[in-house]
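In what follows, a structure is listed as structure tokens, so that the remarks can point back to it.
Number of protein chains: 2
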Amino acid sequence: MTNRKGRQSFVLPTLPVITHWACTAGKKESEGPLAQYFDVTSKDQYFGQKTWEQAEKQIQKLTLQTLLNKAGLHYDQVGMAFSGDLLNQCIGSSFTLRNTGVPHFGLYGACSTMAESLVLASMAVGGGFSDRVVAMTSSHFASSERQYRFPLGYGGQRTPTAQWTVTGSGAALVCAQGDGPKIDCCTVGNVTDLGIKDAGNMGAAMAPAAYATIRAHLEDMKREVHYYDRIITGDLGHLGKQLLIELANKDGLELEKRLEDCGVLIFDRETQDVHSGGSGCGCSAVTLCGKLLGDLHSGKLERILFCGTGALLSPTSTQQGLPIPGVCHAVSITREGS
Amino acid sequence: MTNRKGRQSFVLPTLPVITHWACTAGKKESEGPLAQYFDVTSKDQYFGQKTWEQAEKQIQKLTLQTLLNKAGLHYDQVGMAFSGDLLNQCIGSSFTLRNTGVPHFGLYGACSTMAESLVLASMAVGGGFSDRVVAMTSSHFASSERQYRFPLGYGGQRTPTAQWTVTGSGAALVCAQGDGPKIDCCTVGNVTDLGIKDAGNMGAAMAPAAYATIRAHLEDMKREVHYYDRIITGDLGHLGKQLLIELANKDGLELEKRLEDCGVLIFDRETQDVHSGGSGCGCSAVTLCGKLLGDLHSGKLERILFCGTGALLSPTSTQQGLPIPGVCHAVSITREGS
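Just so you know, the sequences run in chain order H and U. Take 1 as the starting number for the first sequence in my numbering and just add one per residue. Take 1001 as the starting number for the second sequence in my numbering and just add one per residue.
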């Protein structure tokens, strides 16, 4: 039995179904263009907790509880959870799941984590290893700024290419049976590094990985760009999206008309002062688990290729003068009934 | 189709084969009881690099290259790699794989990563999503001390319950076909937290997770302790191993005669001054990908349950007064031909 397709892709012979999805977002996100799609929002960036890291745990926990409420499930009815976040040692995810009894795989894929967790959930369900799996991630603006950049109180200037880490969390329930958008194939990304060293320009660092995965996906699956209503990267931001379009054009691939980016969709560039757009694991997570799955459910969209992108740097690698490797995983999701 | 067994386990209908394995270890490890099993060793703790973090990348890279040399493979013949490490943002793993073209899933399971990567590799191969997968991890004493504890030059006193992070890396090649030890089932751990807050006593924090997973495995698979020649935790150390035995005894489960621990096996307690034993992702990785798979290959062992244990803390969670959640994933490995 082989479900492999080409070099990096695999198909799902029986299609895993995303039966439910949920998301939580912070104040700034709920003032943006996607506000109507969020299940839980809070004006308190601490979400009732004492620290930013605990706030991030809390938004992931709220998201998971909302997901399970929607599905009418308890923790002990979840077979596995795949989750990770940006905090050192992924404490947002492990503290969310501690003592819930849910079997857990911890992931680190930086901002590609929502896609990575969906790819692995597809394998787990498609291979018959579980019949109900949670794919989940989160990020928090304040915990990220402190860990990756400057203390917020320092008031550091952000460069024009910088992106704004989304405070938010998204979770999807991937099942062997049920109604909802279905995952038909996935493409696993490899770590691509073209030598970009500017940690304030992660869109540029991730664009080559996004292009490599999209090209591999189309080749492996023998599909054209227009097979998809939307190819959605998450999250290259305004600059990275433009670079991706240019990389594709050089190869004669016209992405422009079908391409959207979660980092572009989530904030209003004119009024929200986010420079090159949104970023963070939560950015593509809330965009997928709010707007995109909703649009697939309602019939606004028929087929999307969700391409989570991650910049695999650390403050230490940057301080040591190393470039920023990028990765991108792609998940093909079709409307129910198709 | 379902391969699920009980609450946390799954079986592999066609057994993935570990056709090759390789490991690299540092100076202290190669002066210990397992020295004969290491493929690559170096007396230079920088492994020719300028920083400890790059040294850790280098030992993982050496391990992967050794693995592929043994198997006679190039990077482009590897379908997927599952890997992670202890460094913030797992830069040991992503920098090892950058620009190799190997599709990569980044993991964070702390010291359980070798087991976590094997569980996921089993799913990927067992589900037909890939036919040749690398499971890999690493740790480095100096990069861990700096990141988790004190600068080495500070000369901080280590507590009697402390464990010594192993400088080493292990990798296993999991294939759909071939000769070698086989994986017949796995048990996925959940995040268990009994309130231990002492970051200098991680064996105690992980022992409850190890016990929960071993008990779940035996129940799910309807097996007895003596089904296995060895149940091998990695890495509770001397104290954690004793606590695991006590937890099991309370339930009437006699683990003692079959139990070994990678943190106990890797160093000589009398002569190597490691207090409670070894730890770090590399500890169980080099023990498995050196001694244990070798003993399964040679016939010294017929069946083992490899139980990777991880302490899911971060320096931030400890500074914020939070307890240490633990996790343990179990992989049942049988000798070739069985």
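Even for Gly, the Cβ is constructed at its ideal location relative to N, Cα and C.
If you follow the alpha helix (DSSP H) that residue i is in, where does it begin and where does it stop?
| i | result |
| --- | --- |
| U:H1217 | 1202-1221 |
| U:R1146 | 1141-1148 |
| U:I1091 | 1091-1097 |
| U:R1269 | 1269-1272 |
Since residue i sits in a beta bridge, which residues does DSSP pair it with?
| i | result |
| --- | --- |
| H:K182 | H:V17, H:T334 |
| U:D1251 | U:D1251 is not bridged to any residue. |
| U:D1295 | DSSP, once it has assigned bridges, lists no residue as partnering U:D1295. |
| U:W1164 | U:G1278 |
| H:L259 | H:I231 |
| H:G106 | H:S83 |
| H:V340 | There is no way to answer for residue 340 of chain H, as the model of chain H reaches only from 1 to 338. |
Looking only at its own chain, which residues have a Cβ that is under 6 angstroms from the Cβ of residue i, when we skip the five neighbours before and after it?
| i | result |
| --- | --- |
| U:L1118 | A1135, V1331 |
| H:Y46 | A55 |
| H:T41 | A25, S30 |
| H:P16 | S122, V125, G126, V174, I183 |
| U:E1145 | L1152 |
| U:V1286 | C1023, A1025, G1168, G1170 |
| H:T159 | G200 |
Is residue i near the ligand FMN, judged by its Cβ being under 7 angstroms from some heavy atom?
| i | result |
| --- | --- |
| H:N190 | No copy of the ligand FMN occurs in the structure displayed, which carries no ligand at all. |
Taking residue i as part of the beta strand (DSSP E), name the residues at either end of that continuous run.
| i | result |
| --- | --- |
| U:S1080 | This sequence places Met at residue 1080 of chain U; Ser is not what is there. Counting along the chain, the beta strand (DSSP E) containing U:M1080 begins and ends at 1080-1085. |
| H:V174 | 168-175 |
| H:A115 | Per DSSP, H:A115 belongs to no beta strand (DSSP E); it is in the alpha helix (DSSP H), 113-126. |
| U:T1309 | 1303-1311 |
Is residue i helix, strand or coil when you go by DSSP?
| i | result |
| --- | --- |
| H:H74 | coil |
| H:S284 | helix |
| H:Q8 | coil |
| U:R1230 | strand |
| H:L322 | coil |
| H:P33 | coil |
| H:M136 | strand |
| U:A1199 | coil |
| U:N1190 | strand |
| H:T24 | strand |
| H:T316 | helix |
| H:T41 | strand |
| H:G155 | coil |
| H:I266 | coil |
| U:T1100 | coil |
| U:T1051 | coil |
| H:T66 | helix |
| U:H1244 | What sits at residue 1244 of chain U in the sequence shown is Leu, not His. Looking at U:L1244 - three-state DSSP - the assignment turns out to be helix. |
| U:E1056 | helix |
| H:L239 | helix |
| U:K1061 | helix |
| U:N1088 | helix |
If you drop the 5 nearest sequence neighbours on each side, which residues of the same chain put their C-beta closer than 7 angstroms to that of residue i?
| i | result |
| --- | --- |
| U:G1101 | Y1075, D1076 |
| H:L313 | A199, I324 |
| H:R4 | F10 |
| H:M221 | K5, S9, C185 |
| U:E1256 | I1245 |
| U:C1090 | G1084, G1106, Y1108 |
| H:K345 | Absent from the model: residue 345 of chain H. The displayed extent of chain H is 1 to 338, so no value can be given. |
| H:A209 | G189, T192, T309, G326, V327, C328 |
| U:D1295 | L1301 |
| U:V1019 | Rather than Val, the amino acid found at residue 1019 of chain U in this sequence is Thr. Contacts found: A1071, L1173, C1175, G1178, D1179, G1180. |
Excluding the five sequence neighbours on either side, which residues of its own chain have a C-beta within less than 8 angstroms of the C-beta of residue i, listed in chain order?
| i | result |
| --- | --- |
| H:E254 | V225, A248 |
| U:L1062 | T1024, V1040, F1047, S1169 |
| U:A1204 | T1161, I1196, D1198, L1239, G1240, L1243 |
(message) At a CB distance below 9 angstroms, what residues from the segment 1056-1067 of chain U approach chain H? Give them in sequence order.
(response) Listed by position, the residues of the segment 1056-1067 of chain U near chain H (Cβ gap below 9 angstroms) amount to none.
(message) Against chain U, which members of the segment 86-111 of chain H pass a CB distance test of less than 9 angstroms?
(response) For the segment 86-111 of chain H, which is checked against every Cβ of chain U, the residues closer than 9 angstroms are L86, L87, N88, Q89, C90, I91, S93, S94, F95, T96, L97, R98, N99, T100, G101, V102, P103, H104, F105, G106, L107, Y108, G109, A110.
(request) Note down, in chain order, all residues in the segment 1111-1137 of chain U with a beta-carbon under 9 angstroms from any beta-carbon belonging to chain H. (result) When C-beta distances to chain H are compared with 9 angstroms, the residues of the segment 1111-1137 of chain U below that value are S1112, T1113, E1116, V1119, L1120, S1122, M1123, A1124, G1126, G1127, G1128, F1129, S1130, D1131, in chain order.
(request) Below 7 angstroms between beta carbons is the criterion; list the residues of the segment 3-18 of chain H that meet it against any residue of chain U, in chain order. (result) N3, R4, Q8, F10
(request) Please name the residues in the segment 1226-1241 of chain U whose beta-carbon is closer than 7 angstroms to at least one beta-carbon of chain H, in chain order. (result) none
(request) Scan the segment 1192-1204 of chain U for residues whose Cβ lies nearer than 8 angstroms to a Cβ of chain H and list them as they occur along the chain. (result) Legend: CB atoms of the segment 1192-1204 of chain U lying less than 8 angstroms from CB atoms of chain H belong to residues T1192, D1193.
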